[in-house]
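S.K.: So the protein lines, in turn, are chains A, B, C and D. When you line the first sequence up against this note's numbering, it's residues 143 to 655, in that order. When you line the second sequence up against this note's numbering, it's residues 1427 to 1584, in that order. When you line the third sequence up against this note's numbering, it's residues 26 to 140, in that order. When you line the fourth sequence up against this note's numbering, it's residues 36 to 218, in that order. A virtual CB, placed ideally from N, CA and C, is assigned to each residue, including glycine. Pasting in a structure now, in structure tokens, and then I'll have a few things to ask.
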Amino acid sequence: MNLMPWLIAVPLGMGFILPLMPKRSPRISDLLANLATLLLVILSVSLLGKTAVYRVGGWEARVGIVLVLDGLSGFMVIIVAAISFAATLFSARYMDRYTARPKYYGLFLLMVAGMNGAILTGDMFNLYVFLEIAAVASYALVAFGCEHEELEASFKYAILGSVASCFVLLGVALLYATFGTVNMAHLSEKIAVVAPGTPAYRVSMFTVMLFIAGLGMKAALVPFHAWLPDAHPSAPAPISAMLSGVLIKAIGVYALVRVMFNVVNVAEVAPGMLYALMVLGTLSMVVGVFLAVGQWDFKRLLAYHSISQIGYVMLGIGLGTPLGILGGLFHLANHAAFKSLLFLTAGATEYRTGTRRLEKMGGLGQKMPVTAGSSLVASMSIAGVPPFNGFFSKLIIILACVEAGRYGFAAWAVIVSIMTLASFMKVQKYAFFGRLKEQWVRVREVPFVMQVSMVLLAILCLGMSALLLPGPKKAFLDPAANVLSEGKDYSSTVLTAQTTGDQIVVSRDMGEK
Amino acid sequence: MKGMSIIVRTVCHWVSAFIFLYGLCIVVYGHLTPGGGFAGGVILACAFGLMVLALGKESAVRAFPVGSASKLDSIGALLFLIIAILGLFAGGGFFVNFLQKQHPGEEMALFNAGIIPLCNIAIAIKVCASLFLAVVVFSVLRVVGGGSDDEFASEEEE
Amino acid sequence: MVYPLCVLLFLVGLYGAMTQKNLIKIIISVTIMEYAVNLLLILIGYRAGGIAPIIDRTYEGATFTPVSVDPFPQAMVLTAIVISLGVLALLIAISLRLYHRYGTYDITEIRRLRG
Amino acid sequence: MSTLLVLLFVFMIIAAIVAIHTNDLLSAVISLGAVGFGSSVAFLLLRAPDVAITQIVVEVLCLVLLIRATVWRGIRTVSGSRDTFGMAVSGVLVVILLIFTIIAFEQFPTFGDPVMNRIADAPANDYIRNGLSETGAANLVGAVLLDFRAYDTLGEATVLFTAIIGALALLRRKSRSGEQPKE
């Protein structure tokens, strides 16, 4: 049996069941939610390296909806599953402070289902629908604590998100009116033969702009970033980790990149759009880090760094060269690991000390060694210190810039990297090193499950550098990068897939090239 | 919350019964005539909403308790998913209309179109329950500006 | 003539969402934008002199195909309408809670965050 | 037909402007209702009875929710000054967008010429030709919604479910358990 629909059915079904669970015994909800995310990890790893097209309802790609598993979507699904497992593990004790735990886990899993659906779908309108599931769940989760700041941030986020969704739906409508279909592969086939200057070309360029505005808003690229520094710190820590770690990538970066490379194939049709992507990326990179340097709120600082690091991803992918795309995607995966770990450690210090202000902390490393250690690992990774994963991905992006002759962009990337290092040295100095303050003498390490989830992510941060070794690179990174650099192959892969008995439609392996 | 005058109550009692029947009709004939699970579900919820507005929250909640509404909400959604997964086992694929493929009914008949009427019913249950919940929760809240949690009374009885 | 008017409706909503200072007015503006997109989709699917995409005994087989309007945008719009209803319900819940916390619907007074 | 639609659209645009510019919240909500009912009539004129039914009932429910949430609580008017600078900037932005859209729509397919006429392999053709024989549903919108693209409908039901669960979670009586982490 093909496992692909279960990637969506498992979190969806568990999300429907969990709100029915009794409020009095929160451990049942903990157990079920962790079970679901663990199952997702197993499912996504077992699908690694496959290229498959699944026809929902048995209809062919043109008529019905298809789920497409290729190098890129398999890569994203694993990231989502791994981070959500760490986050549910962390939630088990962290959420003791909040009520209504069954609803929390229900919303959490529905958000994961939305992300998985958006990643796997091969249909523009379906992308919009699943985007909305993930987005609506995240609006509710940001406001979950019902405090002043959380509600305010959530309202701002929800309004901007709804406007962004309107843009996306408008784009889908225009594509449908012009090309008569919303299937991504079918659209791509039709857009590939459009000549520049024709009305259809003009409409598709306008649509790409709408998608950059709409999905860029979800990815928090700079002119559209205003909601992120409010929304991400306000949420409970595991949700901040999910939002910064995977949500902005799954429904922002991934969706935008999929549309731009595989549906419209801007690399050939309109290279100017790629340049726009690079400019937006660099702008996010620079503005994000400048805003982060002056921050004293631990989580808010991390949120500004998310904007900056997403800028790196966009810069790498926007280069359009195979090396740039590889670097961008590798940085995306790395950022998911270290940024969610950083948010979890910020949550752990807040859990024990009750404050997010860096200047009030100090010397916590003596009392919370596991938290401090994993935070150090993550800080080194995000700052790009050599043996850690962040160093390699940033290096690849900078090398790709140089290779493509974009020296200005490379220079900005180096400058931003140095500023990131400075900013995280400040975090480490004020929070974990230095003299222990009087008031924190009685602080203890966080509960065991929270430590486990942080240590798991720290190991991931250390181990991900190994993805650049030839073997893992060929299995994990290359197939994902090939999907984008060979953007026009997407339509033929999906449309020419052969049907076999059990609807498992496997076409040629795209990683082989 | 008190209801309205006796005339309004009596009329609404009758009218909501008819609205309810109309909603059911829309749901069941969804695959033949305009309408379907969503429209029908919203109409059913409107029938309950009318009762909430006219008779007061207590009598409406007596007819359709909030606790069971929130359970029906999950169950309706789950039913829809189960129909989809049944397709995986009985028809060889997620969401395959296995009933229609195996037992095609007579065209234009009520019992026809395989899983479509079943899906309509599941959706109607789900939509009706969730919108009823929305109406009840939004209309019974006593929100006092600048209050603390204790003054905030959203009642979702277990 | 019809399409530009539809886009104008969308832009009126967008203008409202950008300029209004009241939570409920912002929600109303976003809802207007959603209506405009739904209308655009249905306009796209219309066939001049067409009939509704429901087969009955008078129009069967070959006589139906050339006159029916496009059912696909209608299905998309049904989905979009329900999604916007859900988003609206959630937005109202958030603004009710905001009113409970701050005692106002005016966003210029709801400003604890600096972003 | 076309003139009727144009008149309806002009009515809706005026209602939308009223909804945005009035200072009375009740009038704003009622004007939103006018836009919604206008679009419902437009759907009916455009031969989309399913959508018209859904739009009108959803509209009723939206109005009930909005009025019960706001006006019922005695909050009637919008206070506060208007930000002229912000309005000017937004106005310019909207005008720029309008120009862009007009360029994009310049040679947009003419109204009343659906994709089935222009594009031979559009899925809409399959839906109309084979919808009844393959799914058994005479209502083709139902056939698309619940058979050809049932997966979308699952997503849509999930969005509604998520939103309602989220709303219930936000409106719960007590948000923090008050339980301090055990020392």
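What three-state label does DSSP hand R548/A in the structure shown?
M.R.: Against the first sequence, residue 548/A aligns to sequence position 406. R548/A: coil per DSSP, three-state reduction.
S.K.: Using three-state DSSP, classify V648/A as helix, strand or coil.
M.R.: The residue labelled residue 648/A in the question sits at position 506 within the first sequence. At V648/A the pLDDT is 47, less than 50, meaning the model places this residue with poor confidence; the figure from the coordinates comes in the next sentence. Strand.
S.K.: Of all Cβ atoms in chain B, is any one closer than 8 Å to the Cβ of L34/C?
M.R.: Residue numbering aside, residue 34/C sits at position 9 when the third sequence is read from its first letter. Closer than 8 Å: no.
S.K.: What did DSSP end up calling L79/C once you bin it into helix, strand or coil?
M.R.: As a first step, residue 79/C is located in the third sequence; it is residue number 54 there, counting from the start. A small fix is needed here, since residue 79/C is Ile in this sequence, not Leu. It is a strand residue.
S.K.: If we count Cβ pairs, one from each stretch, closer than 8 Å, do we get three or more for the stretch 56 to 72 of chain C versus the stretch 104 to 115 of chain C?
M.R.: Yes: the two stretches touch, three or more of their Cβ pairs being nearer than 8 Å.
S.K.: With a cut-off of 8 Å on the beta carbons, I'd call S54/C and I55/D a contact; round off their distance for me.
M.R.: On the third sequence, position 29 is the one that residue 54/C refers to. On the fourth sequence, position 20 is the one that residue 55/D refers to. Contact flag correct, Cβ pair sits at about 6 Å.
S.K.: Report the residues of the stretch 600 to 623 of chain A with a CB closer than 7 Å to any CB of chain D, ordered along the chain.
M.R.: Within the stretch 600 to 623 of chain A, no residue qualifies.
S.K.: Work out the CA separation of M510/A and F590/A for me, nearest whole Å.
M.R.: Here residue 590/A refers to the residue found at position 448 when the first sequence is read from its first residue. Here residue 510/A refers to the residue found at position 368 when the first sequence is read from its first residue. One C-alpha to the other measures close to 12 Å.
S.K.: Can you tell me which of the three DSSP states V198/A falls into?
M.R.: Start at 1 with the first residue of the first sequence, and residue 198/A comes out as number 56. If DSSP states are grouped into helix, strand and coil, V198/A belongs with the strands.
S.K.: Verify the CB distance criterion: does R136/C have a CB-CB separation below 8 Å to chain B?
M.R.: Within the third sequence, numbered from 1, the residue matching residue 136/C stands at position 111. No, R136/C does not count as interfacial toward chain B.
S.K.: Tell me which residues of the stretch 100 to 113 of chain C have at least one Cβ-Cβ distance to chain B shorter than 7 Å, keeping chain order.
M.R.: Taking 7 Å as the Cβ-Cβ cut-off against chain B, the residues of the stretch 100 to 113 of chain C that qualify are L103 and V107.
S.K.: How about F1490/B: is its C-beta nearer than 8 Å to some C-beta of chain D?
M.R.: Position 64 of the second sequence holds residue 1490/B. Not closer than 8 Å to any Cβ of chain D, the Cβ of F1490/B fails to qualify, so no.
S.K.: Do L474/A and V455/A have their CB atoms nearer than 8 Å?
M.R.: Here residue 474/A corresponds to residue number 332 of the first sequence, with the count starting at 1. Here residue 455/A corresponds to residue number 313 of the first sequence, with the count starting at 1. Yes. Within cutoff.
S.K.: Do you know offhand how far T323/A's Cα is from E545/A's?
M.R.: Residue numbering aside, residue 323/A sits at position 181 when the first sequence is read from its first letter. Residue numbering aside, residue 545/A sits at position 403 when the first sequence is read from its first letter. Each residue's alpha carbon lies about 38 Å from the other.
S.K.: Short of 8 Å in beta carbon distance, which residues of its chain neighbour I199/D, apart from the five on each side in sequence? Order them along the chain.
M.R.: Reading the fourth sequence from its first residue, position 164 is the one you call residue 199/D. Contacts found: none.
S.K.: Please state whether DSSP places N325/A in a helix, a strand or coil.
M.R.: Your numbering for residue 325/A matches position 183 in the first sequence. The answer is strand: DSSP assigns N325/A an E or B state.
S.K.: By the 8 Å beta-carbon criterion, what residues does the stretch 1429 to 1440 of chain B contribute toward chain D?
M.R.: Listed by position along the chain: nothing, the set is empty.
S.K.: I need the DSSP call for L145/A, collapsed to helix, strand or coil.
M.R.: What you label residue 145/A is simply residue 3 of the first sequence in a count that begins at 1. It is coil, neither helix nor strand.
S.K.: Would you report the Cα separation of R82/D and V92/C, rounded to the nearest angstrom?
M.R.: Taking the fourth sequence and counting its residues from 1, the one referred to as residue 82/D is at position 47. Taking the third sequence and counting its residues from 1, the one referred to as residue 92/C is at position 67. Cα-Cα distance, rounded: 11 Å.
S.K.: So which residues of chain F does V152/A contact, with C-beta pairs closer than 7 Å?
M.R.: The displayed structure is made up of protein chains A, B, C and D, and chain F is not among them.
S.K.: Cα-Cα, which of E202/A, G213/A, R197/A and L249/A is closest to G1519/B?
M.R.: The count along the second sequence starts at 1 and reaches residue 1519/B at position 93. Among E202/A, G213/A, R197/A and L249/A, the Cα nearest to that of G1519/B belongs to R197/A.
S.K.: What are the residues that DSSP puts in a beta bridge with I131/A?
M.R.: Because residue 131/A is not part of the residues shown, which for chain A are 143 to 655, the question remains open.
S.K.: Quick one: residues in its chain with C-beta nearer than 6 Å to the C-beta of G643/A, no 5 flanking neighbours on either side, listed in chain order?
M.R.: Within the first sequence, residue 643/A is the residue found at index 501, counting from 1. Bear in mind that a pLDDT of 38 at G643/A, under 50, signals an unreliable position, so the number given afterwards is only what the model happens to contain. Answer for G643/A: no residue qualifies.
S.K.: So is L1514/B in contact with chain D if we call contact Cβ pairs under 8 Å?
M.R.: Position 88 of the second sequence, counted from the first residue, corresponds to residue 1514/B. Answer no: the Cβ-Cβ gap between L1514/B and chain D never drops below 8 Å.
S.K.: Anything in the stretch 306 to 321 of chain A with a Cβ closer than 7 Å to a Cβ of chain C? List those residues in chain order, please.
M.R.: If the cut-off is 7 Å between Cβ atoms, the stretch 306 to 321 of chain A has C308, L311, L312, A315, Y318 and A319 near chain C.
S.K.: Which residue from F533/A, F618/A, D631/A and L637/A puts its Cα closest to that of G213/A?
M.R.: Counted from its first residue, the first sequence places residue 213/A at position 71. Out of F533/A, F618/A, D631/A and L637/A, F618/A has the C-alpha closest to the C-alpha of G213/A.
S.K.: To the nearest angstrom, report how far apart A334/A and D631/A are at their CA atoms.
M.R.: Position 192 of the first sequence holds residue 334/A. Position 489 of the first sequence holds residue 631/A. Answer to the nearest angstrom: the Cα atoms are 11 Å apart.
S.K.: Taking C-beta pairs closer than 7 Å, name the residues in chain D that S1556/B reaches, listed in chain order.
M.R.: Residue mapping note: residue 1556/B aligns to position 130 of the second sequence, counting from 1. The answer, in chain order, is L195, F196 and I199.
S.K.: Going by C-alpha to C-alpha distance, which of M151/D, E94/D, L61/D and R184/D sits closest to A1465/B?
M.R.: For the purposes of this step, residue 1465/B is taken as residue 39 along the second sequence, with counting starting at 1. Nearest C-alpha to A1465/B: E94/D.
S.K.: Taking D182/D and A172/D to be in contact with their CB atoms under 8 Å, please state how far apart those CB atoms are, rounded to whole angstroms.
M.R.: Indexing the fourth sequence from 1 puts residue 182/D at position 147. Indexing the fourth sequence from 1 puts residue 172/D at position 137. That belief holds up - the Cβ atoms of D182/D and A172/D are roughly 7 Å apart, short of 8 Å.
S.K.: Using only alpha-carbon positions, find the residue among T133/C, D131/C and F89/C that is nearest to G166/D.
M.R.: Looking up residue 166/D in the fourth sequence gives position 131. With distances taken between Cα atoms, G166/D lies closest to F89/C.
S.K.: Please confirm if the stretch 156 to 165 of chain D is in contact with the stretch 1428 to 1442 of chain B, defined as three or more CB-CB distances below 8 Å between the two stretches.
M.R.: Segments in contact, no.
S.K.: Can you give me the start and stop residues for the alpha helix (DSSP H) that N476/A sits inside?
M.R.: One-based indexing of the first sequence puts residue 476/A at position 334. Looking at the DSSP string, the run of the alpha helix (DSSP H) that includes N476/A is P464 to T495.
S.K.: Decide yes or no for the touch test of the stretch 482 to 497 of chain A against the stretch 419 to 436 of chain A: beta carbon pairs closer than 8 Å, at least 3 of them.
M.R.: The stretch 482 to 497 of chain A vs the stretch 419 to 436 of chain A: no contact.
S.K.: With L205/D as the anchor, note down where its alpha helix (DSSP H) starts and where it stops.
M.R.: Position 170 of the fourth sequence, counted from the first residue, corresponds to residue 205/D. Where L205/D is concerned, the enclosing alpha helix (DSSP H) stretches over A185 to L205.
S.K.: Have a look at G496/A, A277/A and F575/A and flag the residue whose alpha-carbon is nearest the alpha-carbon of D439/A.
M.R.: Here residue 439/A corresponds to residue number 297 of the first sequence, with the count starting at 1. Of G496/A, A277/A and F575/A, the residue nearest in Cα terms is G496/A.
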